[in-house]
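**Student:** Residue numbers (the numbering used here), protein chains in the order written: chain V, 51 to 251; chain P, 9 to 75.
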């Protein structure tokens, strides 16, 4: 593994922009991880409002129930690292607005909940902005089975998850496994962004 | 013919298969998929016409809800 001090890492990441589509279980946890290591700019997008059911996995607090996810996440990021520039977008992503909102990103992260939203986002990025690395979360419902969660790469597409486990009433998405995949997405993103940064010490 | 399917080398019968045929042979039964051949996205309406030949790199993603 490449060796860099945390100061070198922060300096290198401070010029980078990462876009996150969805601020639920994957997006909120991934954004917090990237904020802690000092990403320069985070573009966060979601149209939803926090509900009590979200608190089993999403990086929000009880007193934020009823608040727009992008605004609450902006607040939580700022409480951890006020240096992060945040561009919140409270809207529903479409094939028309995705290329506009994520234009200029160094890495884009797919962090949606529903399969049809994932499909729309992946297809739009692969078609409209194929040169930007896309990090996808696929399959993380339930609990246990750490060893089924993996990374698969195909060109600029990075897939994190078990690629099998679908959410169901008896197989809900929960903090531990969703958090693993969200942090795996942040970890891949960091690796991509630090490629080419000169080794330190 | 030999193709690379999801980063694994596989031998499938025939010299040329449509995407639909390949998905059927390999048991990809999910309703929602993303398919790429040699890095190019293949949209669902093209599954019947787009073809996979010897040496192609095929990536298939199951789109699974959860996040």
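Using N, Cα and C, we set each Cβ at its ideal position, and we do this for glycine too. As the structure is a computational prediction, the values presented were derived from the model and not from experiment.
(1) Quick check on this structure: which residue in V:97, V:207, V:236 has the alpha carbon closest to the alpha carbon of residue 181 of chain V?
(2) When you check each C-beta in the segment 23 to 39 of chain P against every C-beta of chain V, which residues fall closer than 9 angstroms?
(3) Residues bridged to residue 138 of chain V by DSSP?
(4) Identify every run of the beta strand (DSSP E) within the segment 141 to 222 of chain V, keeping only runs that are complete inside it and at least 3 residues long; order them along the chain.
(5) Applying a beta-carbon distance threshold of less than 7 angstroms, which residues of chain V neighbour residue 10 of chain P?
(6) Looking at residue 95 of chain V and residue 151 of chain V, is the spacing between their C-beta atoms short of 8 angstroms?
(7) When DSSP labels each residue in this structure, what does residue 66 of chain P get in the three-state scheme?
(8) Counting only Cβ pairs nearer than 9 angstroms, list the residues of chain V close to residue 49 of chain P.
(9) In this structure, how does DSSP classify residue 56 of chain P when only helix, strand and coil are distinguished?
(10) According to DSSP, which residues form a beta bridge with residue 83 of chain V?
(11) Please report the residue range of the alpha helix (DSSP H) in which residue 61 of chain V lies.
(12) For the beta strand (DSSP E) that residue 44 of chain P lies in, which residues bound it at each end?
(13) State buried or exposed for residue 112 of chain V, treating a residue as buried only when at least 16 other CB atoms are found within 10 Å of its CB.
(14) Taking the alpha-carbon positions, what's the residue 149 of chain V to residue 179 of chain V distance?
(15) Taking the straight line between their C-alpha atoms, what separation do you get for residue 128 of chain V and residue 18 of chain P?
(16) Check the Cβ of residue 73 of chain P against every Cβ in chain V and list those closer than 7 angstroms, keeping chain order.
(17) Would you mind working out which of P:49, P:67, P:54 sits nearest residue 202 of chain V, comparing C-alpha positions?
(18) Measure the CB-CB distance between residue 86 of chain V and residue 225 of chain V and report whether it falls below 8 angstroms.
(19) Please look up how many angstroms separate the CB atoms of residue 47 of chain P and residue 220 of chain V, rounded, as I've assumed it's under 8 angstroms.
(20) Which residues mark the beginning and the end of the beta strand (DSSP E) in which residue 69 of chain V is found?
(21) Whole angstroms are fine: how far does the CA of residue 196 of chain V sit from the CA of residue 62 of chain V?
(22) With 8 angstroms as the threshold, decide whether the Cβ of residue 43 of chain P is near any Cβ in chain V.
**Tutor:** Let's see:
(1) For the purposes of this step, residue 181 of chain V is identified with residue 131 of the first chain, where counting begins at 1. Per the Cα distances, V:207.
(2) 38, 39
(3) Within the first chain, numbered from 1, the residue matching residue 138 of chain V stands at position 88. According to DSSP, residue 138 of chain V bridges with V:94.
(4) 157 to 160, 184 to 187, 200 to 204, 207 to 211
(5) Walking along the second chain from the start, residue 10 of chain P turns up at place 2. Chain V residues near residue 10 of chain P: none, gap ~18 angstroms exceeds 7 angstroms.
(6) Walking along the first chain from the start, residue 151 of chain V turns up at place 101. Walking along the first chain from the start, residue 95 of chain V turns up at place 45. In contact: residue 151 of chain V and residue 95 of chain V (Cβ atoms closer than 8 angstroms).
(7) Stepping through the second chain from its first residue, residue 66 of chain P is reached at position 58. Residue state, collapsed to three classes: strand.
(8) Sequence index remark: in the second chain, residue 49 of chain P carries index 41 (1-based). Simply 172, 173, 176, 177, 180.
(9) Locating residue 56 of chain P in the second chain gives position 48, where the first residue counts as 1. Three-state result, residue 56 of chain P: coil.
(10) As a first step, residue 83 of chain V is located in the first chain; it is residue number 33 there, counting from the start. None; residue 83 of chain V has no bridge partner.
(11) In the first chain, counting from the first residue as 1, residue 61 of chain V sits at position 11. Its alpha helix (DSSP H) spans residues 56 to 63.
(12) By 1-based counting over the second chain, the position of residue 44 of chain P is 36. Its beta strand (DSSP E) spans residues 41 to 45.
(13) Taking the first residue of the first chain as 1, we reach residue 112 of chain V at position 62. Looking at its Cβ environment, which holds fewer than 16 other Cβ atoms inside 10 Å, residue 112 of chain V is exposed.
(14) Reading the first chain from its first residue, position 99 is the one you call residue 149 of chain V. Reading the first chain from its first residue, position 129 is the one you call residue 179 of chain V. If I take the Cα positions, the gap works out to 7 angstroms.
(15) Taking the first chain and counting its residues from 1, one reaches residue 128 of chain V at position 78. Taking the second chain and counting its residues from 1, one reaches residue 18 of chain P at position 10. Approximately 49 angstroms, taken between the alpha carbons.
(16) Here residue 73 of chain P refers to the residue found at position 65 of the second chain. Ordered by position in chain V, the residues that pass the 7 angstroms Cβ test against residue 73 of chain P are 163, 164, 165, 216, 217.
(17) Along the first chain, read from residue 1 onward, the residue named residue 202 of chain V stands at position 152. Residue P:67 is the option with its Cα nearest to residue 202 of chain V.
(18) Taking the first residue of the first chain as 1, we reach residue 86 of chain V at position 36. Taking the first residue of the first chain as 1, we reach residue 225 of chain V at position 175. No, the pair does not count as a contact, with Cβ atoms beyond the cut-off.
(19) Numbered from its first residue, the second chain carries residue 47 of chain P at position 39. Numbered from its first residue, the first chain carries residue 220 of chain V at position 170. No, residue 47 of chain P and residue 220 of chain V are not in contact; Cβ-Cβ is about 38 angstroms, not under 8 angstroms.
(20) As a position in the first chain, residue 69 of chain V is number 19, starting the count at 1. Residues 67 to 71.
(21) Taking the first chain and counting its residues from 1, one reaches residue 62 of chain V at position 12. Taking the first chain and counting its residues from 1, one reaches residue 196 of chain V at position 146. Whole-angstrom Cα-Cα distance: 31 angstroms.
(22) Residue 43 of chain P sits at position 35 when you count from the first residue of the second chain. Residue 43 of chain P does not count as touching chain V.
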